[in-house]
Each structure stands twice: as C-alpha cells, then as structure tokens.
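Written below as structure tokens is the structure these notes are about.
In UniProt numbering, the protein residues as written are 1 to 1265.
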C-alpha cells in the first residue's frame, strides 16, 4: 500500500498583518473579449526558498487564482504565519489564459502572465533586508505595479503577430539555463510558439507558427476540401502543455504537447519542429472531452465519455542523435489506463510518481484522490486503486443540534471563536451580512481589520443589539419571560453559527491543484495541495498510525516508511488494533460520539471507573459484527494495547526536548517544512487522532469486559493496568515542559493559545502560572490590555519555579535568582518593557503602581516613578505627569522630568497647561528651563519667549517680563535675517516699555542681557561693564527701530539700514520724505538736525505750491503729495488745496517743538523759502518778526531782498524802538544790521530814498545814545 496523505489547511488564523494591494493594467483588450471568452479559472501554487547575504533563509509560497481578466495573488512567508500579502491585478478587457512562476537558486523570481492580448514577463529580485523581515517591502508580489507590468522590458503585445485568430489556450515554460521563456498560444486554426528573453532596454520576442507538415500541393487540396466541407477547425488545438524537463538536468529534451480537435497528439521541440504525431484512436474511442497534463517524464490524457471517464498515462521514449547530441525522434509509449471515479473532475495534476485529481461528487462534496504510478525501471504491477486524501470537513454537515432549554451563547462562542474552524475573514463577513442595521459600524476599518478578540466583542455587541430589537418588537404584544428571551437568543446564535458555516464552505470552494516537488530538487514532506477560494491547503504524508486508522484495508498490504517503520512492522497486531479503532470511529454516529465524550468527561470529574457506557455500547454492529472478527485475528491483545500506548506518548522526554530546541520549526515528527500554522494544524490533527484512539480504545476495553468471555489473564490485565493507563493517557499528562505552549506564544497563534489555556484551566495544575502568562501576552498582542492586566498577577507565583517564567525573567533559566524584592522588581520591569513594546501605556501605569508597592528600595521607587512619568507623557496625561514628577524623591530626575514635560508641552502647543500648573518650589527651575530652551532655540520660533513674558506678567513680575522681552528683542536684532525679525525687535521694545511703564520710576530699569554671539565675543571680552537699560534708553531704541522699519519696507538692504548711525538714518528718511519719523529720531538722538529736517520739509511744501501753480488743478498735486499720507497728517487740518495742507502740516509740526529750538527752526525755514525765492507765509513772518526780528531781517539781506529788509527794518524801528512807551535809555539797537543794510542800499542805485530814511533813523539813534 502507498503512503496516505492528509490535508493541512492554512487558514491564517493568527493576527494577520494583511497587506492588500490592487492595480489595473491596460493590455490592449476590450469589453467584447470578456463576453466572447470561454476561459476557465486558472490556479496554481509555487513554493521556493530565498537567501542572500543581507537576509536570513526564508520559506515562501505564492499561490493564485484567476477569474476572467482578474488574478488574485497571495504570498505567504511560511517562517512567520502572521505575514501574508495579497495582490489583485486586473488586465482590462483581456482574459487570463495562463500564469506561471519559476525560481532557480540565486536567480530572481520569474512571473509570467499570459492574457488574450499580451505577455507580461516580470523578474523580481529578493526584496527587503535583514532588519526589515516581514515588512511590506519584504514581499515579492508587492513589487508589482502598473508601470512595471507595462514596461517594455516586461511586456509584449502579441495580438498583431497571430493574425485574426482569437487566442483560446496558452501554456508557459521557463528555461533557467539561458534565462528565456517559451509561450505557446493556440487560436482557432493556428499555434504560435514565442520565445521571450529580457534584453537591456526591452523584451526580445521571437515567434514561429507551428506547422506539422510543410505546405505542399496535396495539403493545399486537403485544406480547400476541408473548407468546402466546413471542417476548417479540425486542426484546432483543444489542449496543450509543456513538460517540466526544463527544470531538470536536461532542458534540451523538453517537449510541447498539443492535442487537436481531430484527435492528433503532437510532440514539438522548443525550436518549433514537430517530432511525432499520434492519434487518440490508438488509446480510446469516441472522445467527448479531453484534458492534457505533463510531468518531467510522463504525459496524462483525461478522456470523458457519456458513461465513464479514464486517464491514459504515456511516457515519451526519446532517441538521441549521438553525433549531433539532439533529439532525433520520440515515441509515445502507453504506460497504463486508469479508470476514473464516477465524479465530476475539477482539476488534475501529474508528477512522475503519482496522478493527483480533484473531484466533486453528487452531493457537492470535494474529494481528492491520488493514484500511485509504477517507477520507470520497476517491475511491480500497480493495481487500479485510487487512494483518498484525508480532507478537512468544511461543509458543516457534522453540526449536531444542541440541547434546547439552556443558554447556548457560550457554546456557540466557543464553536465560533475558539474552535479554530472559522478564519477571521469568515466571521467578519458574517457579522457584516448578519445585521444590516449595524452596517455603519461593521463596515468600518476597525472591524474589518480587528483581531479575533476584538471581533468577538463586535459580534457580542451586534447580537445583543439584535436581541434587544426583537424583544422590543415582541413586547408590544405582551410581556416576555426569561425562557422566551433565552430561546430568541439561542435562535440568533444558531443563525449566526450557520451563517459562519455557510461562508466558510463558500470560501473553501476548491479551484485547482498544485504540485510542489516538481519545482524542488530536495525530497519534501509536502508534495501537493489545493488552492481554495480564500485560502490554500497542503497535503502531508501520514504517519503509520494515521495510515492504519484511516485506511481499513488488508494488513498484509501495509507498508510504511515513516518514523514508526521499524517498530510497527514487528507488531502487526497493533496495526490491526488501530485499524479496528478506526472502524469504530466510522461506525459511531455523531450523537454517540458526543455522548461518549460527555461520559468520559464526567468520569474524569467523578473518578468513577464503573460508569456505564450504555448510550454508546448499544450499537449492535460493534458488539456482534466487528468485535468477533477482530478478536479472532488478535493473539496478544494486552501486548498490542500496551504497545499502542507507548506509541502515542513520548518515550524519552529528553530526546523530544532536544528536538524542540534544535529547530524552532520542528514538529512532533521532525519535519522541517512544517512551519507555524502548518505545525499547529498538524499537531492538532495528531492530538485529535490520539484522543479518538484512546477514547475508542477505552470503549473497546469496556465492551470486552462486559460482552466478551476472554481468558482470565486478559481480563485481569485490562482491569489492573491497561484500562487505568488508558484513562491516564486520556487525561493528557504534562510531559512536554510547556514547550508546545511556548511555541504557540512564540509564533503568536492567539486563537489556539486561548483554546489551549481554556482546555487546561479547569483540571491541570501544572504550569498554571505560565498558562496565565502566555494568555496575558496573547491578550496584550490582541489589544485587550485590561484582560492581560487581570491575568498577570496570577502568574507571579511561578517566577521562581516555572521554566517559561524564569526564562522570561532571565535569558538563562538555570541562572540563580536574586532576592525576592529584586526579583519582583525585575519581573515588573520586564512586564513594563513588554507592555511598552505593544504601545499599551495605559497598562504600564497599573504595573508601575504594583512595582512601587512591591519594592522598599528608594532607587527602585524613583525608577518606577520615572517610568510612570514617561507613561503619562505617552498617553498625553500632562497634569498627571506633573503630579508624578513632583513626587519623585531624586532632585536630578525631578529636574529632568520637568524639562521633558516643558519641552513636550511646547512642542504640542499646550501652553494653557503650562500656564495653569502650580510650580510650588519649582518655579525658578521652570523659568530657567524655559529661558535656556528659548536661548537655544531658533529665534524664528519665539514661542518660549512669548510664553515666559506672559507668565511673568501673569505673576506680576514685570521687571522679569521686561528682561525677557528685551532679550528677545536683542536676539531678533542681532540675528536679523528678515524684515520680520526687525518687526519683532520693534514689538519686543514695546513690550519692555509696557512692563516698565507701570513700575515705580526708581525701579523702572533692567540690566542689559548678555547675548553670546560671534560678532560680540571680542567686545564682551574687553567690555565687561554692566549696562543699565531704562525707559529713556528704550524710547530712543523704539524710535530708531521704527525708522529703520519704515525705511526697510521698500528696501531690501534692511540689514545695512539697521547698522547706520542716527545722522545717516535721518538723511535717508529725509530723502524718503519721512519727516515725522525723522523729527522723532532727531529729537531723541541728534537735536542739531532738527532744523535740517524742517528745511527739507519746507522744500517739499514749496515744491507742492509750485506744482499747484503750474498745473492749476489738484489732481496731479494730490498724486505728487503722497508723502503727506506717509507722515501721519491725521491731526492736521486738511483743505481742498493740497499745498495748503502741506503748509498746515509744517505749521503744526513747528507748534509741537520746544522753545529752545523754535528760533533755529523758524530761521531755517525762512532761509530755505528765501533761497527758493518763494513767498514767506504771513504766520511765519509774524512769528519771526515778533521773536527773532534781527535774524529775520538779516535773512532777507543775505538773500539780496533789500526792499523786504528795508520794510521790516522800518517796521521794527516804528513798532519796537520809537513807538509810544517803547523807547528806553538802555535799549539795544541792531546797529550792525542797520549798517549792513545801509551799506547794501548805498551800493544800490534804485534805493536812494530808502537809504536816506535809514540814515535818518541811525542819526536819531546816535543822538539818543
């Protein structure tokens, strides 16, 4: 008998970091192609290993399925079960004909996609790096994108190369020796063979049309005859395939096989030459349907007829030309004909050792059968026996009705969430479809991407809401009692459970088979598998016990080559016992099995060995039909049972321990290929088989004791040793030192951890603390922080005794632990790091409080308080963080925590919290921290300065506030790099003035801050004096800065402007006609320049008057007098005449001046007016005549206006010196000015009369004096 196989589904039950991606590729197709296409679903799988110098060795598996124009790719990293990547590629309007993957050692992964319009030959290098394993960039399929798929180096449109023929089928082969691919495309009446080889810039494509007979005259006649008879499609290819020799050591001997509609089977070389043509009439008659598959050395044809179907296995016998080293001919030799079962074929695959087939029976159930093929050089005769693959039940037909009248909520929750039968995708879909009213909740990303624990919460919430809705609607008709509500709840949960079964069955729909070892040179434990709609499953080799249990055939055919080979061959009675126990399993109904399980459980709890199995032993088939035949073939029943008990438990514990530690991916049987969930599923299947063996053995022993008259020694052995040992074995004693649970936790198989802990929690006391610990870690990984916190205290007692907890506490579990307090402290620190690694900072707080309560050393308390502070910071609990740091008993750490809190609050802009916190005893540290941060920060971000200023103002520390504002202003000025900094400098001076302005005058000063800037280091080294800044100094700086700002508004050289002296600054402002600001600057810094400012202002007024007189309108003058608006003339009377407004502005400014400069100002204005030969305003004449008459007259004389000087002199004499009551003995007369005027009049020929008049006054003065 050949070895049996068992299905191992890969449901991805753990926390799946599912990365989904979707792209659309425009490949030249159109919508009509989808309507005309008759392509079937294509599926496949490819297992390979990748390794490079920068990353560790990893096992990968890629599988795919297609649906017309769409392909769904899934990549799984078998080393880490919770990592898989999904890719959906849509070729618009182009149905997919074939998909293949290839990879050789140290070569990139080749993926070939063939659609009805194009080829896509993609080469993918090893992704990721050693430090980013299992990240998104670690995926092969996620490297695919639209640009890559349509690039000339990877894409080729062949639709124009094959003419008008519509592609019907395609097959692909890759030749790794020369890195090229062969693609065969079959249309209605032609076959083309393409060769694809990537070059530097594009994909080099050559093709040839396959023609089995060159064009001759006779062929032309036959072609025309077939066309006339409407038989033009007799040469159409029905199916074709490449063999897989190209993956072996002889790729030059590979063939392409094509099967035509006329029954011709042809073999082609890769170059396109036809070697042979056979007709199916040689093998069978009356073909209805035919499918072709190839392996490396074999060819399989599937024929379907009206009443039966069969397989024909052929082997090509190749003749080699010794001189040329090429294939000269090939003969297809029939190996055998295999009658197929009476099922509907879904898919089949062929390898050199077996024929694999996937079927659907009349009940809609899936069955996988394989047929053992004889070796090429073997003389063994193989009988036509199909062997089944033991499949997992996904139909849900084994669902038995539960007892009514009790609350079944927990029962269904265990079946749905803890049995491992339903992937999270199935439960999510059921939740979304079950309650449409909660669609807004269930459709959210928090549900569709939740862990199993959170998903359970959503389901419980949904069911409770649904129950409340139904109760509310029924209460309108009357009150509801508890039984009615419980019945409604049970009905809802049963409905949800049945929906889960339905969706699981839909997701389990098989698409096709794949073979693994055709792509791998090494021997493999997994040989094939099935691609389902939503997952993939593998076929593993069964061990001897499984073979005997599931294959009740003649014992003399039993041959095994697995780990129990040597022992089992020597004890065939044990194999007969296992086979009989398997027959009992198939004989019992589901109700009897359930009753038997319940009785065994009750027996374990009550310790009653005489409990009757009455409900199960009534099966007459076991007692009267099966048992007598079995006992007749057993000579030593006690020996067979004892040997079976030895086989189902570890004989040497140390050997198993070493096997677990040598390889992390090993299983109970040591197969290195079983990884993560594959290991778990295999172990679960083994445990289930072990339980069924022991349960059925216990039933068998009970039946033998009650119903069989055996020898006394046999009965005594059963009663004394065998049955007690069986019951002990059934209770699953602790013998693995928690290694299995440790492996579950290491691989994050959370659903199974929950089930493992639940099953052992009620009766097993061994490693109870460790179970609580791994359950807490699982809850933590799933986001259930508070459940983890509830479980962790239950594991504290085991940190001194249990291995897994000692290992968690110390890397070397054999190392001696320290004192109890130090051990507890270390344990809490480890837990805190574990919680922090999962981002569960809310749970860290409780651990910190427990850690503080468990220690008495101050340094440990300080450490926990710092951790608590950091945890509050991570959670955003800033007030609690401050309260925590105030309790810290170490000043240095307290200061560090305060600095961290302040910096964080500034970064998140929570200034309100900073302002409201009570800094009792820490105020000086607080302000120092902010001050240092402000000085070290870029002046562009003056947030710290602004806050510190506001803080001091709020505390009424106005001098400190002024100091902060002035320091900020200095930095803005010294580090000035933009106009904004200069503006900030101006604002800082204003703030400083505001603060000092409300202080008593004697205290309204600050010490100038010391700013260390490279430019000032030399000055600071020589000038170490303290400089006092008072209000007057600030006013001067404010005016200077304001002037610099005004000049910089329209000038890019603001950096140069800020470095100018006040004199130069005033000159620039006069040039820009900024008279108001220039006057302020002159008054504060250079009072001697005040007349100069007025001279320039007078000049502008004269110019304004000149413009007005020349144009005669106000429009142009208004445009020319824009400087008035720039000088803030809001306090000046504005008239319709702009020139008059300018003179009013001048007069207004003069009225604001102090008396000590008034004479100089008026005289400067008069001189400027006279120099421009302009009219002196009356108000100006009046003031000058009243206050400075001599200088006023002298100004006229200096500018040559003798008449005006004469008139004002005469008026002066009359009004001042010789008027009534004015003359005095000691009156000072302007004799010098009069002499000068007289001199000018004497030299003037037109002023004789005026000269005489002046001389007369001078004589009077002389007489008077």
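Note that the Cβ used here is the ideal one computed from N, Cα and C, for glycine as well.
Comparing alpha carbon positions, the residue from 371, 754 and 692 closest to residue 581 is 692. The C-beta of residue 763 has fewer than 16 other C-beta atoms within 10 Å across all chains shown, which makes the residue exposed.
Distance between residue 506 and residue 490, taken at the CA atoms: about 24 Å. Taking C-beta atoms as the reference points, residue 510 and residue 358 count as a pair closer than 8 Å. Annotation: the continuous alpha helix (DSSP H) that includes residue 951 extends over 943-954. In this structure, DSSP gives residue 153 a state outside helix and strand, which the three-state scheme calls coil. Counting only unbroken stretches of 4 or more residues, no alpha helix (DSSP H) element lies wholly within the stretch 339-363. Beta-bridge partners assigned by DSSP to residue 897: none are found. With contact defined as three or more Cβ pairs closer than 8 Å, the stretch 1091-1109 and the stretch 1160-1178 are in contact. Here the C-alpha atom of residue 808 lies approximately 8 Å from the C-alpha atom of residue 830. The residue from 270, 372 and 835 with its alpha-carbon nearest to that of residue 326 is 270.
Every alpha helix (DSSP H) of 4 residues or more that sits fully in the stretch 687-747 is shown, in chain order, as 712-717, 723-730 and 739-746. Looking from the CA of residue 922, the closest CA among 323, 894 and 1196 belongs to 894. With contacts defined by Cβ atoms closer than 8 Å, residue 284 and residue 312 form a contacting pair. Non-local beta-carbon contacts of residue 388 in its own chain, meaning distances under 6 Å to residues more than five positions away in sequence, involve 369 in chain order. When rounded, the separation of the alpha-carbon atoms in residue 415 and residue 690 is 21 Å.
Residue range 841-853 is occupied by the alpha helix (DSSP H) that includes residue 850. Taking residue 86 as the centre and dropping the five residues before and after it, the same chain places the C-beta of 20 and 74 closer than 6 Å to its C-beta, in chain order. In the structure shown, the three-state DSSP call for residue 414 is helix. In the assembly as shown, residue 711 is an exposed residue. Its beta-carbon has fewer than 16 other beta-carbons within 10 Å. DSSP, reduced to helix, strand and coil, places residue 168 outside both helices and strands of the structure shown, so it counts as coil.
Contact annotation, residue 114 with residue 97: C-beta distance approximately 5 Å; criterion of less than 8 Å satisfied. Burial check for residue 508: the Cβ neighbour count within 10 Å reaches 16 or more, so the residue is buried.
In the three-state DSSP reduction, residue 549 falls in the helix class (H, G or I).
Distance from the CA of residue 852 to the CA of residue 784, rounded to the nearest whole angstrom, comes to 24 Å. Following the DSSP letters along the chain, one finds residue 370 inside the beta strand (DSSP E) bounded by residues 366-372. Taking residue 1240 as reference, the option from 540, 1008 and 1198 with the minimal CA-CA separation is 1198. Residue burial annotation: residue 308 is exposed, with fewer than 16 other C-beta atoms found within 10 angstroms of its C-beta. Rounded to the nearest angstrom, the Cβ distance from residue 986 to residue 1045 is 6 Å, consistent with a contact under 8 Å. When DSSP states are grouped into helix, strand and coil, residue 61 belongs to the strand group.
Spatial neighbours of residue 260 in its own chain (CB-CB distance under 8 Å, excluding positions within 5 residues in sequence) are listed in chain order as 234, 235, 236, 237, 238 and 266. Around the beta carbon of residue 628, a 10 Å sphere encloses fewer than 16 other beta carbons of the protein chains shown; the residue is thus reported as exposed. Here residue 3 carries a coil assignment [DSSP, helix/strand/coil]. In its chain, beyond the 5 residues on either side, 423 and 535 have a beta carbon closer than 6 Å to the beta carbon of residue 11.
Under the 10 Å beta carbon count, residue 530 is surrounded by 16 or more other beta carbons and is classified as buried. It is roughly 41 Å from the alpha-carbon of residue 849 to the alpha-carbon of residue 466.
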